[in-house]
Amino acid sequence: MNKKIRWGILGTATIAVEQVIPAIQESIYGKLDAIASRNISNAKEVANHYLEVKPYGDYQELLNDPSIDAVYIPLPNHLHVPWAIKALEAGKHVLIEKPVGTTKKEGELLLKASRKFPHLKVMEAFMYRFHPQWIKAKELISENAIGKVRIISSSFSFYDNDPNSITNKKEYGGGSLRDIGCYSLSLSRYIFESEPIAVSGLLELDPETKVDLTANGILEFKDGTSTFFSSIRLIDHQKAQIYGTEGSIEFQHPFNPPIDRPTKIWIHRESGSEPITFNICNQYTLQIDAFNLAILNNTAVPTPLQDGINNMAVLEKLEESHEKGLRVLL
């Protein structure tokens with residue numbers, strides 16, 4: 040397969056510059072062709088690092104470029120759906136940085152719009168699912184290596200008190216839940232292979248911005264429960280552990296494993312603990328090529344839009360639970 044998907048990027052967000060653009064350039068089936076920014080100098084600065092990459096000072100100008108096959112959208116959360124729809128209308132495949140939007144309703148709006156363009160692919164970018172450590176964990180669970188899964192525990196945090204950061208702006212879809220707590224919701228649904236039947240949420244809200252600084256939650260599934268916390272006011276941290284009736288699987292770096300050294304997970308059983316080591320890889324590159332192949336082969340994307348909508352539904356129920364001070368049914 041000699042064809043490569045030609046990518047355009049809407050925005051010069053850190054995740055685009057530091058993670059996704061290098062991933063596209065390292066991919067087998069994709070190449071970066073253009074980048075846009077509302078500030079043309081920012082686009083030029085990024086483009087200058089790569090050969091034959093066109094800078095644009097307007098997002099729509101990039102979408103109007105007939106040479107672009109697919110776009111990645113790393114814009115603030117409230118802009119994900121509007122620009123995804125514009126990209127579809129321009130005939131582009133779309134990879135949207137998580138979360139799919141700021142609300143379940145926004146996600147449903149995008150799904151409805153996408154049905155008008157059945158030949159185009161749209162996917163939410165939850166890159167962690169493409170790392171071999173999660174694929175292996177799913178295999179181990181299906182093989183009954185730790186018995187029946189009953190409990191999942193996960194956490195993700197970093198410290199950001201910059202008032203100008205989009206993470207601290209509610210109108211941009213900021214807050215810990217939408218920025219990083221969504222990972223815990225996603226992995227819980229991914230492992231249990233079902234939707235929660237009830238949730239309980241407790242949030243710490245900034246008194247001025249009303250952004251959730253920290254979120255604690257319990258997700259109740261038919262076969263078990265998942266507990267988590269997320270925070271944008273704690274030290275950098277991430278961890279996940281899946282507990283079964285006969286053992287557990289522990290992740291040291293569940294969401295952002297290093298790309299410069301091997302990654303490990305551990306299986307803990309009564310007989311002892313066993314590490315499993317994974318060779319160096321880049322989960323962003325794996326995600327990009329999975330999306331590229333869905334385009335080239337005209338197959339379904341690995342994660343359908345409905346999954347992102349379902350994730351937002353759980354997130355909103357956690358917020359509702361906090362507001363009511365009650366456990367909420369889904």
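Counting from 40, one number per residue, gives the positions in the sequence shown under the working numbering. Think of the CB as a built atom: it goes at the ideal place given N, C-alpha and C, for glycine as much as any other residue.
C-alpha of LEU258 to C-alpha of LYS144: approximately 21 Å in a straight line.
DSSP places GLY283 inside the beta strand (DSSP E), whose first and last residues are 272–283. For the 8 Å CB-CB criterion, LEU127 and LEU148 do not form a contact.
Apart from the 5 residues on each side of it in sequence, SER265 sits with its Cβ closer than 6 Å to the Cβ of ILE191, SER227, LEU258 in its chain, given in chain order.
Looking only at HIS117, TRP46, PRO157, LEU71, the smallest Cα-Cα distance to VAL340 is reached by PRO157. Secondary structure of THR324 (DSSP, three-state): helix. At a Cβ-Cβ threshold of 8 Å, TYR89 and LEU49 do not count as neighbours.
LEU332 is not bridged by DSSP to any residue.
Unbroken beta strand (DSSP E) stretches of 3 residues or longer found wholly inside the stretch 120–164: 132–136, 161–164, given in chain order. Counting along the chain, PHE231 sits inside the alpha helix (DSSP H) bounded by residues 221–231.
When C-alpha distances from ILE281 are compared across ALA184, ILE219, GLY256, the shortest belongs to ALA184. Here LYS187 is exposed, its C-beta having fewer than 16 other C-beta atoms within 10 Å. By a beta-carbon distance limit of 8 Å, PRO94 contacts ILE79. Their separation comes to about 6 Å.
If you look at ASP346, you'll find it isn't in any beta strand (DSSP E); it sits in the alpha helix (DSSP H) that goes 344–363. Bounds of the beta strand (DSSP E) holding LEU252 are 251–259.
Of the residues VAL120, TYR229, LYS131, GLY213, the one whose Cα lies closest to the Cα of MET166 is TYR229. Shown here, ALA184 sits in coil according to DSSP, grouped into three states, outside any helix or strand. Boundaries for LYS209: no beta strand (DSSP E) harbours it, and the DSSP string shows neither H nor E there. Leaving aside the five residues that flank THR316 on each side, the residues in its chain whose CB is nearer than 6 Å to its CB run, in chain order, PRO301, LYS303.
Residues of the same chain with a CB within less than 6 Å of the CB of SER66, apart from the 5 flanking positions on each side, are THR324, ILE327, ASP328 in chain order.
Ranked by Cα distance from ASN87, the first of ASN203, ASP72, ARG77 is ASP72. Relative to the Cα of HIS117, the nearest Cα in the group LYS209, GLN64, ASN81 belongs to LYS209. Counting C-beta pairs closer than 8 Å gives three or more between the stretch 232–250 and the stretch 201–217, which meets the contact rule.
When secondary structure is reduced to three states using DSSP, ALA75 falls in the strand class. Ranked by how close their Cα comes to the Cα of GLY140, the residues PRO113, SER76, PRO296 have PRO113 in first place.
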